[in-house]
Amino acid sequence: MADIQKAQIEGTPALDGRYISEMDMWPLECQEFNRNYQFYDNLREGRFTTTKCQKCGYIAFPPGVICPKCWSDDLEWVDLPQRARVVAFTETQAGAPIGFEPPLIMAWLDFGKDSPLKHLLGRIINCPEGKLKEGDEVKFVVFDVPAHPIEVKRETKICDRVYYAFEPVEKAA
Amino acid sequence: MAKRTNAVILGGGVSKFGVRQAHLLDMIQEAAKACSDDIPALKPTDIDGLIVCTTLAGRHSNALNTAPLVVHRLGLRPTSICIRLDTLCAGSNSGIIVAKGLVESGISDIVLVTGAEKVYLPQRWETNYTQLMVNDHDWDSAMGLGVPPPFFAMIARMHMKRYGTTKEQMAHVSVANYNYGSTNPNAHFYPRTLTIEEALSARLIADPFTLFDCCPLSDGASAVIITSEERAKDLSDRPLVYIRGTGQHATHSMSAGWPGETPAEWPHLKKAAEVAYKNARVSPKDIDVAQVHDCFTISQIIEMEELGFCQKGEGGDYVASGAINIDGERPINTDGGLISCGHPFGASGARQSLELCKQLQGRAINQVKDPKIALAHNLSGASAQHTVVIYGTEPVE
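As they're listed, the protein sequences go chains L and V.
Sequence positions in the first sequence follow the working numbering and run 1 to 173.
Sequence positions in the second sequence follow the working numbering and run 1 to 397.
So, in structure tokens, the structure goes:
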């Protein structure tokens with residue numbers, strides 16, 4: 001029972017932390033539910049990775065179980081660039097889903113012409129409101145998000161979770 | 001299967017859109033009643049095909065296999081098709097594309113396409129979590145992409161920077177659409193009118209958007225009848241409105257796969273439109289009246305460009321020129337669009353197509369002078385999918 005209570009408290013921070021699965025904003029990352037769990041395990045080691053096709057060489061994002069270009073399932077994990085430039089961005093004060101603290105900053109990130117991942121909508125954290133500028137350089141950062149309980153052979157197992165975002169390389173004064 | 005006939009849109013009906021004190025199925029019954037009033041000769045049991053277009057029915061109304069519920073409530077006895085369809089914001093225009101194929105191949109005779117959403121729940125902000133599920137939940141949504149205004153505001157800032165588009169130009173869209181919607185009793189914001197000054201001085205939602213740059217989420221339902229030209233002549237004396245051509249295109253589910261150079265370029269819409277124009281044997285200059293997906297003012301501006309109504313980057317000038325007004329070269333969103341009507345995702349497409357049906361039959365409230373060709377467009381989610389349907393008073397030869 002103690003573990004379940006812990007999970008409820010660590011759930012989506014709505015309705016006193018009790019309302020978890022219906023409004024979960026994070027992926028089910030654990031091996032029991034996700035064949036791409038390696039992505040999240042790599043996050044825990046500070047690596048930003050995805051799957052590359054061994055047959056045709058295509059690097060997909062997000063990662064998958066097959067290559068979306070040639071449908072081969074012969075894939076390997078490769079690292080992606082961890083720095084990008086802000087092309088455009090938006091700051092939300094009101095209306096951000098509960099669990100995303102305002103200001104919620106999302107930016108259109110350019111990883112450069114040599115990157116297999118060209119662009120991404122990335123959340124910018126550790127950045128005060130009004131400080132981000134177009135052209136700023138940002139870097140990959142990993143953080144803990146609420147754990148998720150799953151049932152394994154009638155036992156409750158708590159799956160710790162992580163996610164990633166980006167933060168300014170030069171900290172605003 | 002060879003094409004056996006030409007599909008037409010016969011007529012339809014729309015419920016009141018807004019924050020409704022009603023269940024999903026109540027609103028579908030209202031739309032069906034309005035559809036029946038529009039086509040008095042049609043009996044429920046004449047309908048042999050049903051396509052129910054909804055995204056939220058499962059989550060918000062506890063109704064996952066929605067089509068049988070609609071069968072029961074409307075007294076239908078479908079024999080050729082009975083399905084639910086989900087393409088989010090494009091729901092019922094996708095349903096019309098499917099219905100055209102079913103009718104023209106001979107599989108179905110008379111198809112009811114209905115779209116409906118119950119957006120608002122007792123805990124209102126729960127809808128914000130649903131919004132995390134209509135995009136790519138595990139990737140973009142986990143970055144905070146939920147409610148649409150921030151994403152489209154970013155697109156607007158990009159468009160302003162690259163093409164010089166201004167807030168005043170965007171206000172021309174909201175003013176035109178509010179003023180069209182002020183004559184549409186089913187519109188969410190009926191009978192509100194709007195001036196440029198009011199639009200520009202309203203409270204900020206997400207820079208550069210003020211309140212009036214954004215469409216509201218709404219509860220509501222719509223229903224249209226798609227049938228063959230032969231059956232249409234049995235059921236109605238009105239001029240026939242043919243579904244001349246359609247196109248639907250998707251390239252990605254999340255930002256990493258975005259097909260444009262920047263978020264201000266929507267090549268996937270351009271492609272969907274090219275396919276629809278080719279199938280309809282028309283070009284952009286032939287479009288007399290259109291209903292486009294104005295979820296935000298910037299959306300309508302970019303759509304003017306990608307649909308070929310003006311050059312890329314000139315959408316702001318185009319909407320500010322008056323071209324979109326009732327006396328302009330190409331009136332747009334003549335029933336109020338999403339901005340005034342509101343946006344019950346699955347219901348919006350059939351609402352648009354019904355307005356175009358009425359325009360081509362000469363019976364719209366804001367009637368355009370003698371239109372021959374009309375176009376409907378939806379985008380879905382964060383511009384993930386684009387859907388185009390072209391109607392005409394004559395079939396494709």
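A virtual CB, placed ideally from N, CA and C, is assigned to each residue, including glycine.
- For the 8 Å CB-CB criterion, V:Val-14 and V:Thr-114 do not form a contact.
- Taking a 10 Å sphere around the C-beta of L:Trp-26, we find 16 or more other C-beta atoms and assign the residue as buried.
- For the C-beta of L:Tyr-163, the chain V residues within less than 9 Å are, from N- to C-terminus, Ala-142, Met-143.
- Look at V:Glu-198 here: in three-state DSSP terms it is helix.
- Contact with chain V is absent for L:His-148, since none of that chain's Cβ atoms lies less than 8 Å from the residue's Cβ.
- At a C-beta separation below 9 Å, L:Phe-143 has no neighbours in chain V, since its nearest C-beta there lies roughly 12 Å away.
- Between the alpha carbons of V:Thr-227 and V:Asp-37 lies a distance of about 17 Å.
- Under DSSP, no beta-bridge partner is assigned to V:Asp-46.
- Shown in chain order are the members of the region 158–170 of chain V whose Cβ falls below 7 Å from a Cβ of chain L: Met-158.
- For chain L, none of the residues of the region 299–333 of chain V brings a beta carbon within less than 9 Å of one of its beta carbons.
- For L:Val-87, the chain V residues whose Cβ falls inside 7 Å of its Cβ are Thr-262, in order along the chain.
- For V:Asp-38, not one C-beta of chain L is nearer than 8 Å to its own C-beta.
- Residue pairing by DSSP puts L:Pro-168 in a beta bridge opposite L:Val-138.
- For V:Ser-380, DSSP records a beta bridge to V:Gln-385.
- Rounded to the nearest angstrom, the gap between the Cα atoms of L:Val-65 and L:Cys-53 is 10 Å.
- Close to chain L, meaning a Cβ-Cβ distance shorter than 9 Å, are the following residues of the region 108–141 of chain V: Gln-123, Trp-125, Glu-126, Asn-128, Tyr-129, Thr-130, Gln-131, Leu-132, Asp-136, His-137, Asp-138, Trp-139, Asp-140, Ser-141.
- The beta carbon of V:Pro-68 does not come within 8 Å of any beta carbon belonging to chain L, so the residue lies off that interface.
- Pairing V:Ala-202 with V:Thr-210 gives a Cβ-Cβ distance under 8 Å.
- For V:Leu-354, no beta strand (DSSP E) encloses it; the enclosing alpha helix (DSSP H) starts and ends at 345–361.
- The alpha-carbon of V:Ile-225 is positioned some 30 Å away from that of V:Thr-127.
- Looking at the DSSP output, L:Glu-76 bridges to L:Lys-52.
- In this structure, V:Gly-322 and V:Gly-313 do not form a Cβ contact; the two beta carbons are roughly 19 Å apart against a cut-off of 8 Å.
- What V:Ser-92 touches in chain L, judged by beta-carbon distance under 8 Å, is nothing: the nearest beta carbon there is about 27 Å away.
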